[in-house]
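Asker:
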Amino acid sequence: MFDIYGGPVFNMARQQFLQAADILEIPNDQRDRLLYPKRAIAVTCPIHRDDGSTVVYEGYRVQHHLSLGPSKGGVRFSPHVDLGEVAALSLWMSWKCALMNLPYGGAKGGVRVDPYSLSHKELEALSRRFMQELIPFVGPHVDVMAPDIGTNEQVMAWFMDTYSNDAGRTVTEIVTGKPVSCGGTAGRREATGRGVTHLIFRASEEIKLNLSQSSAVIQGFGNVGSVVASELYDLGVKILAISDHTAAYHDPKGLNIPEILKYIATHGVLKGYSTEALIDPATILTIKCDILVPAAVERVITEEIANKIECKILAEAANGPTTVEADAVFAKRPDIFIIPDILCNSGGVTVSYFEWVQDLQQFFWEEEEEVINRMKKIMDKGFYETISSAKQLKTTNRMAATCAGLRRVHLAKQARGLFP
Ligand code: GLU
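Start counting the sequence shown at 927; every next residue gets the next number (my numbering).
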């Protein structure tokens, strides 16, 4: 059944779902309703290239469920996008939003394209076309998009403008992660990275690790990884290694993050920053450190890598970085404190929720501090609930978090019943 989602990423999300459903003792006949997305939309996006030729890109939006409110989640522009990946990511968004008690179902979108291969004009055309194709299926109370890999504030502004032009009025609440100049909230851009750092701090309290004498390795230097690197650096953590899709650097004495951020501001990518510290990107996750932060893509921590990892805290800033097989290895390694993805990176969607609320009310919070403090409060609740329920259920932090999210969706579906 539902072969259209086939593939390793959806299969991984399904296995995690089944493990959680077993713990919660969800009856077999109710599982498919909770697992499979409510709807999946595939679109073809034709655009004019700068040379006058026409090219089409495949795009997807998967809305996992709408039982708690509109569906919510990012849109990624990446050459690896396929329907199964987007569907898996929509499931993780569902458990994430429910875990954090946000009034949303999960969704995810994607366009199979290398955004770096497009000019600014082509990127605008593609962004507008993608939203145009999805207008019949989204809305501020139906499905609310946000940034993800390969998209940013500018893309969200184009999405919002395209939807608004069709509606004949400005509808800022149709997407989150917009520039502050057109309905965005203070603190959204940094939110995911800040939230990750905050939970690393909480985890360090749990395992009694002195952050100012600790070390970290960060895979991925985009909107999330770069903020985590900078915040940890400011807390006195020695950043031993970083990488992006163009280069990886390792310096046992610690990398100069402020200098690297300046380099990134002009060059956009890590490539070319240094020749001395260059390493093979494949080796970054197994460098011995206190805090390991995968902040790139899914399924990078395989069984083999899990056996070789030498860290005390694994902070999953990316979605789905750890395979089910790797998780089985970690289950036998209680020396590693795992902050699972749906908890670790939830600062992004939490602040998206604040942005949506402000847009709906047209009442904006002036202080960035207010945004940050409210985000930390929500994340603390999710964190302490997760670790206490892991102890109670005698399971991993990942399963405890997934169960908490799944339970909320299940209860809502049960109470609402099946229509008609
Ligand atoms: N793409 C982000 C995530 O995976 C943010 C989603 C949102 O803000 O809606 O959590």
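Glycine included, C-beta positions come from ideal geometry on N, C-alpha and C. Only a predicted model underlies this, so the values are computations on that prediction, with no experimental measurement involved.
Confirm the yes/no value for this check: CB of T1102, any heavy atom of the ligand GLU, distance under 7 angstroms.
Answerer: yes
Asker: Helix, strand or coil for T1118 per DSSP?
Answerer: helix
Asker: Just to confirm my understanding: we take R905, look at its own chain, exclude 5 residues before and 5 after, and list those with CB closer than 8 angstroms. What are they?
Answerer: Summary: the structure shown does not reach residue 905, with the chain confined to residues 927 through 1346, and so no result is reported for it.
Asker: Quick check on A1244: does DSSP put it in helix, strand or coil?
Answerer: coil
Asker: Quick one: does the C-beta of G1119 sit closer than 7 angstroms to a heavy atom of the ligand GLU?
Answerer: no
Asker: Could you check which residue in E1116, T1102 and A1330 has the C-alpha nearest to that of G1110?
Answerer: Looking at the Cα atoms, T1102 is the closest of the given residues.
Asker: Suppose contacts are defined by Cβ-Cβ distances below 8 angstroms. Is M1301 in contact with V1277 by that definition?
Answerer: yes
Asker: Run the proximity test for N1271: is its beta-carbon closer than 7 angstroms to any non-hydrogen atom belonging to the ligand GLU?
Answerer: yes
Asker: How should Q1284 be labelled, buried or exposed, when 16 other C-beta atoms within 10 angstroms of its C-beta is the threshold for buried?
Answerer: buried
Asker: Among all the DSSP beta bridges, which residues are the ones paired with P1220?
Answerer: Q1145
Asker: How many whole angstroms separate the CB atoms of A1243 and I1217, which I take to be in contact at a CB cut-off of 8 angstroms?
Answerer: With a Cβ gap of about 11 angstroms, A1243 and I1217 do not count as contacting.
Asker: Counting C-beta neighbours from all protein chains within 10 Å, is the total for R1095 16 or more, i.e. buried, or is it exposed?
Answerer: Exposure of R1095 is indicated by the presence of fewer than 16 other C-beta atoms within 10 angstroms of its C-beta.
Asker: Label I1133 either buried or exposed according to how many other C-beta atoms from any shown protein chain fall within 10 Å of its C-beta, with 16 as the threshold for buried.
Answerer: exposed
Asker: According to DSSP, what are the bridge partners of C971?
Answerer: Y983
Asker: Nearest to L1347 by CA position, among T970, L1049, V1068 and Q941, is which residue?
Answerer: The chain is shown only over 927 to 1346; residue 1347 falls outside these bounds and no answer can be derived.
Asker: Measuring CB atoms only, is the segment 1179-1197 touching the segment 1160-1171, in the sense that at least three cross pairs come out at less than 8 angstroms?
Answerer: yes
Asker: Which partner residues does A1129 have in the DSSP bridge list?
Answerer: DSSP lists no partner for A1129.
Asker: Give the secondary structure of L1204 by DSSP, where H, G and I count as helix, E and B as strand, and everything else as coil.
Answerer: strand
Asker: Going by alpha carbons, who is nearest to G1273 out of H1124, E951 and D955?
Answerer: That would be H1124, whose Cα lies nearest to the Cα of G1273.
Asker: Following a CB-centred definition, is G999 positioned closer than 7 angstroms to any heavy atom of the ligand GLU?
Answerer: yes
Asker: Taking the C-alpha atoms as reference points, what is the distance between G1343 and H1006?
Answerer: 37 angstroms
Asker: Could you compute how far the alpha carbon of S1130 sits from the alpha carbon of L1137?
Answerer: 7 angstroms
Asker: Just to confirm the assignment, what range does the alpha helix (DSSP H) spanning Y1159 have?
Answerer: G1151 to D1160
Asker: State the start and end residues of the unbroken beta strand (DSSP E) segment that holds K1214.
Answerer: Here K1214 belongs to no beta strand (DSSP E), and DSSP marks it neither H nor E.
Asker: Looking at the secondary structure, which residues open and close the alpha helix (DSSP H) in which V1283 lies?
Answerer: Where V1283 is concerned, the enclosing alpha helix (DSSP H) stretches over G1273 to Q1287.
Asker: Round the Cβ separation of A1327 and I1268 to the nearest angstrom and send it over; I've been treating them as touching at under 8 angstroms.
Answerer: 5 angstroms
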